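Chemist: Chains as they are written, first to last, in my numbering: chain S, 73 to 338; chain V, 54 to 345.
(1) Under 8 Å, do residue 121/S and residue 129/S count as touching if we go by C-beta distance?
(2) Quick one: list the residues of chain V neighbouring residue 160/S, beta-carbon separation under 8 Å, in chain order.
(3) Taking residue 126/S as part of the alpha helix (DSSP H), name the residues at either end of that continuous run.
(4) Pull up the distance between the alpha-carbon of residue 172/V and that of residue 195/S, whole angstroms please.
(5) Exposed or buried, which one is residue 324/S when buried takes at least 16 other CB atoms within 10 Å?
(6) Using only CA atoms, which one of 167/V, 135/V and 331/V lies nearest to residue 270/V?
(7) Using the Cα positions of residue 316/V and residue 107/V, report the straight-line distance between them to the nearest angstrom.
(8) How many whole angstroms separate the CB atoms of residue 111/S and residue 290/S, which I take to be in contact at a CB cut-off of 8 Å?
(9) Taking 8 Å as the CB-CB limit, is residue 321/V close to chain S?
(10) Along chain V, which residues have their Cβ under 7 Å away from the Cβ of residue 192/S?
(11) Can you tell which of 224/S, 246/S, 143/S and 222/S has its C-alpha closest to the C-alpha of residue 232/S?
(12) Measure from the C-beta of residue 233/S to each C-beta in chain V and report whether the shortest distance is under 8 Å.
(13) Which chain V residues sit within Cβ distance under 9 Å of residue 182/S?
(14) Taking 8 Å as the CB-CB limit, is residue 60/V close to chain S?
(15) By DSSP, does residue 300/V sit in helix, in strand, or in coil?
(16) Identify each residue in the region 59-93 of chain V for which the Cβ-Cβ distance to at least one residue of chain S is less than 7 Å, and report them in chain order.
(17) Around the Cβ of residue 229/S, are there at least 16 other Cβ atoms within 10 angstroms (buried) or fewer (exposed)?
(18) Which residues in the same chain have their Cβ closer than 6 Å to the Cβ of residue 336/V, if we skip the five residues on either side of it in sequence?
(19) For a test of the three-state rule: what should DSSP assign to residue 116/V, helix, strand or coil?
(20) Could you name each continuous alpha helix (DSSP H) segment of 4 residues or more that falls completely within the region 62-116 of chain V, going from the start of the chain to the end?
(21) Could you pull out every unbroken alpha helix (DSSP H) segment of at least 4 residues lying fully inside the region 147-186 of chain V, listed in chain order?
(22) Measure the C-alpha to C-alpha separation of residue 186/S and residue 248/V and round it to an integer number of angstroms.
(23) For residue 289/V, tell me which candidate among 181/V, 131/V and 246/V has the shortest Cα-Cα distance.
(24) Can you say whether residue 175/S is buried or exposed, counting buried as having 16 or more other CB atoms within 10 angstroms of its CB?
(25) When the Cα atoms are used, what is the spatial distance from residue 263/V to residue 229/V?
(26) Does the region 252-265 of chain S come close enough to the region 295-314 of chain S to have 3 or more Cβ pairs within less than 8 Å?
(27) Please confirm if residue 251/S has its CB atom under 8 Å from at least one CB of chain V.
(28) At 7 Å on the CB atoms, spell out the chain V contacts of residue 133/S, in chain order.
(29) Measure how close the beta-carbons of residue 276/S and residue 193/S come, nearest whole angstrom, since I'm counting them as under 8 Å.
(30) Straight-line CA distance for residue 237/S to residue 168/S?
(31) May I ask you to report which of helix, strand or coil DSSP gives residue 136/S?
(32) I'd like to know whether the C-beta of residue 340/V is nearer than 8 Å to at least one C-beta of chain S.
(33) Which two residues bound the contiguous alpha helix (DSSP H) that contains residue 182/S?
(34) If you measure beta-carbon to beta-carbon, which residues of the region 277-302 of chain S are closer than 9 Å to chain V?
(35) With 8 Å set as the bound, which would you pick, yes or no: does the beta-carbon of residue 325/V sit closer than that to a beta-carbon of chain S?
(36) Taking 8 Å as the threshold, find out whether the region 138-152 of chain S comes into contact with the region 198-206 of chain S through three or more Cβ pairs.
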């Protein structure tokens, strides 16, 4: 079923990785590029429209929206990378391993992750934060995204592949087969799996912050910035529009880097 | 068919049991300290859950089941209306962008749509409604009398439409993905060549063989679509200040009313499992085989 990516798909993937690279550069240089430190109020007049002095305008507390968006992007990306690591290790790796485990163990794991995957990831993340603390938002987002990574990785392993049949017929152990899968197939798709998880956890993390379960001020991420802009954006669109654009760009680049899905393929 | 139905029913029952166990595990968290007492409390709570005793809301003192019964209809109305929008928009878009260059444009549009978090979509719709249509919006104020989704009153419609569209947009992305996945799978089926050799025209093949396959693919993804709609309802109720079960869930977790939060989580998981079951059975009935 896995078709080779088309030239169009390859171009989109390259755009995604370049976009992610540029985002990483912007984040690395955020303290240098930003015109004001994170959370600095009264940098300009209240709710000033985009101008030469403040290209993205200012918010209700006179904060420079460009500087705040850069700092917010930095917080969002940092948390999202941590969450991606959790989702890939706990979901992707466990899914790939579970496919080669003996049937009863594999069935129990599938059932456990299947139950968790039936709960919308956002709700699962909210519960995990409620049971722990808002400081663990990145961990919660990673844990909430893990069941989907598990299901995806599990489904990717072809248990009836020619090499698996050959291994069984010649008495090669499941452990050896698993090592082979992890060395070749999991490694080869790791970047793609990680990019897909990055997009998913970024959406979860920003929504958590928007609902008041994510980042804690003064360390504002993009979701919290947009939540704060809710009070003013109907009269001052720039307070929400630029942080939202930065957020959508990050998610879009990650999705492009992951490559098009079976259903998304052009 | 009977074998398949029994397998799916078993899967549904095990799924519900797992969701019930997870809900019981969440609801006893504040009550028990230490692993042993926690396990004991969890077992007892699971037994009372199995007897349909879901405890009381820590905030209102009402039975949790009664509380959810009061809030669920609003969420279900939002999800149903959003689901309708999702199906219409998703299917129409699929027909418009089915082949050739439009399919490429659609794949980019779909990527953009999927990259837009639901709360951003909600805020954009609210902005459009307030600025360009001069409609009343409820993003910054709780409605004293929340408008009914199925009301014929134009003002009620103006207040509810952005929320319904927000949920519908999230659902449309899921519907589109399911349809395109099913189309991609059917494009690789060997029966196409065989039917062509038998002398059937492209239109006949599409109409009598491909459409049922694609429809079955969509039905088999019903659980996935319902999950997208429920998650979107949580955000839409929060953005537009609509009191429903999803809004109640967020407040219950924030205020540590774990009985309530656990029950809502179980109900949402049950809807997801039910949609999975019905979708897979309908897909099987449509094409006579299990759809992955």
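We put the CB at the ideal spot given by N, CA and C, even for glycine.
All values reported here derive from a predicted model rather than from experimental measurement.
Modeler: Answer, in terms of the structure:
(1) It is a contact, given that the beta carbons lie within the stated cut-off.
(2) Ordered by position in chain V, no residue passes the 8 Å Cβ test against residue 160/S, which lies about 20 Å from the chain.
(3) Unbroken run through residue 126/S: none, as it is neither H nor E.
(4) Per the coordinates, the alpha-carbon of residue 172/V lies some 14 Å from the alpha-carbon of residue 195/S.
(5) It counts as buried.
(6) The residue from 167/V, 135/V and 331/V with its alpha-carbon nearest to that of residue 270/V is 331/V.
(7) Answer to the nearest angstrom: the Cα atoms are 7 Å apart.
(8) Contact holds; Cβ gap of about 4 Å.
(9) Chain S, which has a Cβ nearer than 8 Å to the Cβ of residue 321/V, makes this yes.
(10) Within 7 Å Cβ-Cβ: 280, 283, 284 and 321.
(11) Residue 246/S is the option with its Cα nearest to residue 232/S.
(12) False, the Cβ-Cβ gap to chain V never drops below 8 Å.
(13) Residues of chain V whose Cβ lies closer than 9 Å to the Cβ of residue 182/S do not exist; the shortest such Cβ separation is about 10 Å.
(14) Taking CB atoms only, residue 60/V has no neighbour in chain S less than 8 Å away.
(15) Helix, per DSSP.
(16) Answer in chain order: 67, 68, 71, 72, 75, 79 and 82.
(17) Buried, since its Cβ has 16 or more Cβ neighbours within 10 Å.
(18) Spatial neighbours of residue 336/V in its own chain (CB-CB distance under 6 Å, excluding positions within 5 residues in sequence) are listed in chain order as 269, 272, 273 and 344.
(19) Here residue 116/V sits in strand by DSSP.
(20) DSSP runs (the alpha helix (DSSP H)) wholly in the region 62-116 of chain V: 88-103.
(21) Those alpha helix (DSSP H) runs which fall completely within the region 147-186 of chain V and span 4+ residues are 153-168 and 171-184.
(22) Rounded to whole angstroms, residue 186/S and residue 248/V show a C-alpha spacing of 38 Å.
(23) If we check each option's Cα against that of residue 289/V, 131/V comes out closest.
(24) By the neighbour-count criterion, in which a residue is buried when 16 or more other Cβ atoms sit within 10 angstroms of its Cβ, residue 175/S is exposed.
(25) If I take the Cα positions, the gap works out to 16 Å.
(26) These segments do not touch.
(27) No, its Cβ sits nowhere closer than 8 Å to a Cβ of chain V.
(28) Here the premise fails: no neighbours, minimum Cβ distance about 17 Å.
(29) Indeed, because the Cβ distance is near 6 Å, the residues count as touching under 8 Å.
(30) Taking the straight line joining both Cα atoms gives about 17 Å.
(31) Of the three classes helix, strand and coil, the one that applies to residue 136/S here is strand, per DSSP.
(32) Interface criterion not met: the Cβ of residue 340/V is under 8 Å from no Cβ in chain S.
(33) Judged by DSSP secondary structure, residue 182/S falls within the alpha helix (DSSP H) whose first and last residues are 175-189.
(34) Taking a C-beta cut-off of 9 Å against chain V, the contacting residues of the region 277-302 of chain S are 278, 279, 282, 283, 284, 285, 295, 298, 299, 301 and 302, listed in chain order.
(35) It does: the Cβ of residue 325/V has a partner Cβ on chain S nearer than 8 Å.
(36) By the criterion of at least three beta-carbon pairs nearer than 8 Å, the region 138-152 of chain S is not in contact with the region 198-206 of chain S.
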